[in-house]
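Participant: Can you read through this structure? Questions will come right after.
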Amino acid sequence: MAGLAAATLLAEGGHRVILYEAGKFGGGRCRSYQDSELGCRIDNGNHLLMSGNQAVTRYLTRIGAIDTLTGPTRPVFPFIDLISGKSWTIRLNAGRIPWWVLVKSWRVPGTSASQYLALRRLEKACNADLVAALMQDVHPLYEHLIEPLAVAVLNTKPAVASAAPLGAVLQETIGRGGVAAMPRFPRQGLSESFIDPALRYLSANRAEIRFGARVAALGIEDGRVAGLSGPNLDERIEPTEGVILAVPPWVATELLPGLVAPNQFEAILNVHFRARIPEGEAGFYGLLGGTAEWVFQKGEAVSVTVSAANDRINVDAGQLAQKIWTDLHRAFRIESSMPAFRVVKEKRATFAATPEQLLRRPQTRTHLTNLFLAGDYTATNLPATIEGAIRSGESAAALCTDWSNQHLAS
Ligand SMILES: Cc1cc2nc3c(=O)[nH]c(=O)nc-3n(C[C@H](O)[C@H](O)[C@H](O)COP(=O)(O)OP(=O)(O)OC[C@H]3O[C@@H](n4cnc5c(N)ncnc54)[C@H](O)[C@@H]3O)c2cc1C
Numbered sequence: 196m197a198g199l200a201a202a203t204l205l206a207e208g209g210h211r212v213i214l215y216e217a218g219k220f221g222g223g224r225c226r227s228y229q230d231s232e233l234g235c236r237i238d239n240g241n242h243l244l245m246s247g248n249q250a251v252t253r254y255l256t257r258i259g260a261i262d263t264l265t266g267p268t269r270p271v272f273p274f275i276d277l278i279s280g281k282s283w284t285i286r287l288n289a290g291r292i293p294w295w296v297l298v299k300s301w302r303v304p305g306t307s308a309s310q311y312l313a314l315r316r317l318e319k320a321c322n323a324d325l326v327a328a329l330m331q332d333v334h335p336l337y338e339h340l341i342e343p344l345a346v347a348v349l350n351t352k353p354a355v356a357s358a359a360p361l362g363a364v365l366q367e368t369i370g371r372g373g374v375a376a377m378p379r380f381p382r383q384g385l386s387e388s389f390i391d392p393a394l395r396y397l398s399a400n401r402a403e404i405r406f407g408a409r410v411a412a413l414g415i416e417d418g419r420v421a422g423l424s425g426p427n428l429d430e431r432i433e434p435t436e437g438v439i440l441a442v443p444p445w446v447a448t449e450l451l452p453g454l455v456a457p458n459q460f461e462a463i464l465n466v467h468f469r470a471r472i473p474e475g476e477a478g479f480y481g482l483l484g485g486t487a488e489w490v491f492q493k494g495e496a497v498s499v500t501v502s503a504a505n506d507r508i509n510v511d512a513g514q515l516a517q518k519i520w521t522d523l524h525r526a527f528r529i530e531s532s533m534p535a536f537r538v539v540k541e542k543r544a545t546f547a548a549t550p551e552q553l554l555r556r557p558q559t560r561t562h563l564t565n566l567f568l569a570g571d572y573t574a575t576n577l578p579a580t581i582e583g584a585i586r587s588g589e590s591a592a593a594l595c596t597d598w599s600n601q602h603l604a605s
């Protein structure tokens, strides 16, 4: 996403762009593919976006794919508590003044309007504040809203997660009213929304896209990148050319010795079943009190997310699917025999959003004059999300353009 955001922005500005992608397909951690076991296309994981994600809107508009997102027509978040059997839907009002908290049936059951004032603590939080320590006194709002939200947004257990990036997300979404907090997700698939239209846009704008082109080393001369090399790659970088390194942090630190970047990661598990659940008002549900956390109906598959899942990454796929199917059976009263399934384990889905890891996020500029970093792990203030990745790509493209203009002027 970061690389595509930078590349499309530069191509839009009339620059000559060459994209080197190690894989055979684009998308990295945000992609769709045909699954042989299920016999349908699935995403590597459910990705939930919000209408307040401004960089996402800019990007999708640029590549002509803004209409490929869908979601409820109102800012609603349905939850089912597997322990109590209760279900409820949080309903926000459209405007900035959050009067929805005054409507009892629009809140989390058992919470009072005044409890929601505590969300302000998140917006004021600094990196060292931990989500649980800051918020867990607000019962039952913490267990039934803040905790599941924090796990989903930060992909880190709230006991060790920094509250600051969660606060930044809330400020840009719920903090700007329901109009900025409408849940959004691809109508078809991640690739159909975010990747394929971007590749078409790049081709139409005379960019060159090279798949299977892994960059294994940067050639460095006179304080700049002067070459890229790899198994299928031996490129000279001219003094007038800039390079944007939009690889994950574990690759960036290998390519650029001395770079400090996040080095602890959290897994996300996605279990896809060939099945159907009631689509409901939102097209997804938050589940509490079980293993399954977020459930989406995606075409012919029901797709379930479990975040901050390092402690479950080694659980046998069949056992995991069975546990999650039992949760779905309880939540939606669907049949008890488990259908065909696929477990996708993304071991390094995102960096762990702990205070220590946040301190390791690098800036876009590097010590090499023509090299810029992009990626969800860079210092965006946001957690590792599509919005953050796109913003990092935009920043890298802007700095690269500035550098190029200055270089040409001198
Ligand atoms: C299961 C899952 C669920 C998620 N859910 C959400 C969500 O609900 N909402 C949300 O906003 N975000 C979500 N995210 C996070 C989001 O997907 C990421 O933040 C984003 O995709 C990261 O993009 P990126 O460009 O920074 O990195 P990547 O996607 O990792 O891209 C890096 C690219 O570099 C390529 N590459 C690697 N090494 C080399 C090399 N040596 N040479 C050339 N190319 C190389 C890779 O193949 C890849 O294409 C989720 C992530 C996962 C895994």
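Residue numbering for the sequence shown follows my numbering, starting at 196 and increasing by one per position.
For every residue, glycine included, the Cβ atom is placed at its ideal position computed from N, Cα and C.
Look at the Cβ atom of Arg382, then the Cβ atom of Ser246, and state whether they are nearer than 8 Å.
Facilitator: Start at 1 with the first residue of the sequence shown, and residue 382 comes out as number 187. Start at 1 with the first residue of the sequence shown, and residue 246 comes out as number 51. Result no, Cβ atoms of Arg382 and Ser246 do not sit closer than 8 Å.
Participant: What residue range is occupied by the uninterrupted beta strand (DSSP E) comprising Asp429?
Facilitator: What you label residue 429 is simply residue 234 of the sequence shown in a count that begins at 1. Its beta strand (DSSP E) spans residues Leu428 to Arg431.
Participant: Would you mind working out which of Ala323, Val303 and Asn505 sits nearest Glu342, comparing C-alpha positions?
Facilitator: For the purposes of this step, residue 342 is taken as the residue at position 147 of the sequence shown. Ranking Ala323, Val303 and Asn505 by Cα distance to Glu342 puts Val303 first.
Participant: In chain order, what residues of the same chain have a beta carbon less than 8 Å from the beta carbon of Ala399, not counting five sequence neighbours either side?
Facilitator: Here residue 399 refers to the residue found at position 204 of the sequence shown. Contacts found: none.
Participant: Counting beta carbon pairs with one atom in the segment 324–331 and one in the segment 347–367, are three or more of them shorter than 8 Å?
Facilitator: yes
Participant: Distance check for Gln514 and Asn241, CA to CA, integer angstroms please.
Facilitator: On the sequence shown, position 46 is the one that residue 241 refers to. On the sequence shown, position 319 is the one that residue 514 refers to. So the alpha carbons of these two residues sit roughly 21 Å apart.
Participant: Taking Cβ to Cβ, would you say Ala548 is nearer than 8 Å to Asn350?
Facilitator: On the sequence shown, position 353 is the one that residue 548 refers to. On the sequence shown, position 155 is the one that residue 350 refers to. It is a contact, given that the beta carbons lie within the stated cut-off.
Participant: May I ask you to check if the CB of Glu530 is nearer than 7 Å to at least one heavy atom of ligand 1?
Facilitator: If you number the sequence shown from 1, residue 530 lands on position 335. It does not: the Cβ of Glu530 is nowhere closer than 7 Å to a heavy atom of ligand 1.
Participant: Tell me the DSSP secondary structure of Val539 in three-state form.
Facilitator: Sequence index remark: in the sequence shown, residue 539 carries index 344 (1-based). In the structure shown, Val539 sits in a strand (DSSP, three-state: E or B).
Participant: Return the chain-ordered ranges of every beta strand (DSSP E) run that is complete within the segment 454–479 and spans a minimum of 3 residues.
Facilitator: List check, beta strand (DSSP E) in window: 460–469.
Participant: Looking at C-beta atoms only, is the number of pairs between the segment 359–377 and the segment 281–300 that lie closer than 8 Å three or more?
Facilitator: yes
Participant: One question on the structure: do Leu464 and Arg507 come within less than 8 Å of each other, judged by their Cβ atoms?
Facilitator: Taking the sequence shown and counting its residues from 1, the one referred to as residue 464 is at position 269. Taking the sequence shown and counting its residues from 1, the one referred to as residue 507 is at position 312. Yes, the Cβ-Cβ distance between Leu464 and Arg507 is below 8 Å.
Participant: Report whether the distance from the Cβ of Asp262 to the nearest heavy atom of ligand 1 is below 7 Å.
Facilitator: Taking the sequence shown and counting its residues from 1, one reaches residue 262 at position 67. False, no ligand heavy atom lies under 7 Å from that Cβ.
Participant: In its own chain, which residues sit with a C-beta less than 6 Å from the C-beta of Val499, not counting the 5 before and 5 after it?
Facilitator: As a working mapping, residue 499 is identified with position 304 in the sequence shown. Cβ within range, chain order: Val466, Ala487, Val490 and Ile519.
Participant: How big is the Cα-Cα spacing for Ser386 and Gly222?
Facilitator: As a first step, residue 386 is located in the sequence shown; it is residue number 191 there, counting from the start. As a first step, residue 222 is located in the sequence shown; it is residue number 27 there, counting from the start. Straight-line Cα distance between these residues: approximately 7 Å.
Participant: Just to confirm, is the Cβ distance from Leu413 to Leu423 under 8 Å?
Facilitator: Counting from 1 along the sequence shown, the entry for residue 413 is found at position 218. Counting from 1 along the sequence shown, the entry for residue 423 is found at position 228. Yes. Within cutoff.
Participant: If you compare alpha carbons, which of Ala402, Val497 and Leu440 is closest to Ser590?
Facilitator: For the purposes of this step, residue 590 is identified with residue 395 of the sequence shown, where counting begins at 1. For the residues Ala402, Val497 and Leu440, the minimum Cα distance to Ser590 belongs to Leu440.
Participant: Give me the Cα-Cα distance between Gln366 and Glu430, rounded to the nearest whole angstrom.
Facilitator: For the purposes of this step, residue 366 is identified with residue 171 of the sequence shown, where counting begins at 1. For the purposes of this step, residue 430 is identified with residue 235 of the sequence shown, where counting begins at 1. Computed Cα separation, rounded: 43 Å.
Participant: Using the beta-carbon count (16 or more within 10 Å), is Tyr352 buried or exposed?
Facilitator: As a position in the sequence shown, residue 352 is number 157, starting the count at 1. Per the sequence shown, the amino acid found at residue 352 is Lys instead of Tyr. Its Cβ being crowded by 16 or more others within 10 Å, Lys352 is buried.
Participant: Just to confirm before moving on: does the CB-CB distance between Phe527 and Pro444 stay below 8 Å?
Facilitator: Reading the sequence shown from its first residue, position 332 is the one you call residue 527. Reading the sequence shown from its first residue, position 249 is the one you call residue 444. Contact: no.
Participant: Which residues mark the beginning and the end of the alpha helix (DSSP H) in which Ala347 is found?
Facilitator: Within the sequence shown, the letter at position 152 stands for residue 347. Segment Glu342 to Leu349, the alpha helix (DSSP H) holding Ala347.
Participant: Report the three-state DSSP secondary structure of Asp332 (helix, strand or coil).
Facilitator: Within the sequence shown, the letter at position 137 stands for residue 332. In this structure, Asp332 counts as coil in the three-state DSSP scheme.
Participant: Less than 7 Å separating the Cβ of Glu403 from some heavy atom of ligand 1?
Facilitator: Locating residue 403 in the sequence shown gives position 208, where the first residue counts as 1. Result no, Cβ not under 7 Å from ligand 1.
Participant: Alpha carbon to alpha carbon, what distance is there between Thr368 and Glu318?
Facilitator: In the sequence shown, residue 318 corresponds to position 123, counting from 1. In the sequence shown, residue 368 corresponds to position 173, counting from 1. Those two C-alpha atoms are separated by around 11 Å.
Participant: What first and last residue would you give for the beta strand (DSSP E) that runs through Pro378?
Facilitator: In the sequence shown, the residue the question calls residue 378 occupies position 183. Residues Pro378 to Pro381.
Participant: Within the same chain, show all residues whose beta-carbon is closer than 7 Å to that of Leu394, passing over the 5 residues directly before and after it, in chain order.
Facilitator: Indexing the sequence shown from 1 puts residue 394 at position 199. These residues qualify, in order along the chain: Gly221 and Ile404.
Participant: In the DSSP assignment, what are the bridge partners of Leu440?
Facilitator: Within the sequence shown, the letter at position 245 stands for residue 440. Per DSSP, Leu568.
Participant: Buried or exposed, going by whether 16 or more other CB atoms sit within 10 Å of the CB of Ser279?
Facilitator: Translated into positions along the sequence shown, residue 279 becomes position 84. Classification of Ser279: exposed, given that the 10 Å Cβ count is below 16.
Participant: Under 8 Å, do Ala496 and Pro392 count as touching if we go by C-beta distance?
Facilitator: The residue labelled residue 496 in the question sits at position 301 within the sequence shown. The residue labelled residue 392 in the question sits at position 197 within the sequence shown. Contact: no.
Participant: Thr561 to Glu216, Cα distance in whole Å?
Facilitator: Within the sequence shown, residue 561 is the residue found at index 366, counting from 1. Within the sequence shown, residue 216 is the residue found at index 21, counting from 1. Cα-Cα distance, rounded: 21 Å.
Participant: Under 7 Å: does the beta carbon of Ile415 sit that close to some heavy atom of ligand 1?
Facilitator: Sequence index remark: in the sequence shown, residue 415 carries index 220 (1-based). Checking the Cβ of Ile415 against ligand 1 gives no.
Participant: Look at the alpha carbon of Trp295 and the alpha carbon of Ala503, and state the distance between them as a whole number of angstroms.
Facilitator: Counting from 1 along the sequence shown, the entry for residue 295 is found at position 100. Counting from 1 along the sequence shown, the entry for residue 503 is found at position 308. Cα-Cα distance, rounded: 30 Å.
Participant: Between the C-alpha atoms of Arg525 and Arg471, what's the straight-line distance to the nearest angstrom?
Facilitator: Translated into the one-based positions of the sequence shown, residue 525 becomes position 330. Translated into the one-based positions of the sequence shown, residue 471 becomes position 276. The straight-line gap from Cα to Cα measures roughly 14 Å.
Participant: When we look at the beta-carbon of Val212 and count the other beta-carbons within 10 Å, is it buried (16 or more) or exposed?
Facilitator: By 1-based counting over the sequence shown, the position of residue 212 is 17. Classification for Val212: buried.
Participant: For a test of the three-state rule: what should DSSP assign to Cys595, helix, strand or coil?
Facilitator: Sequence index remark: in the sequence shown, residue 595 carries index 400 (1-based). Cys595 falls in the helix class under three-state DSSP.
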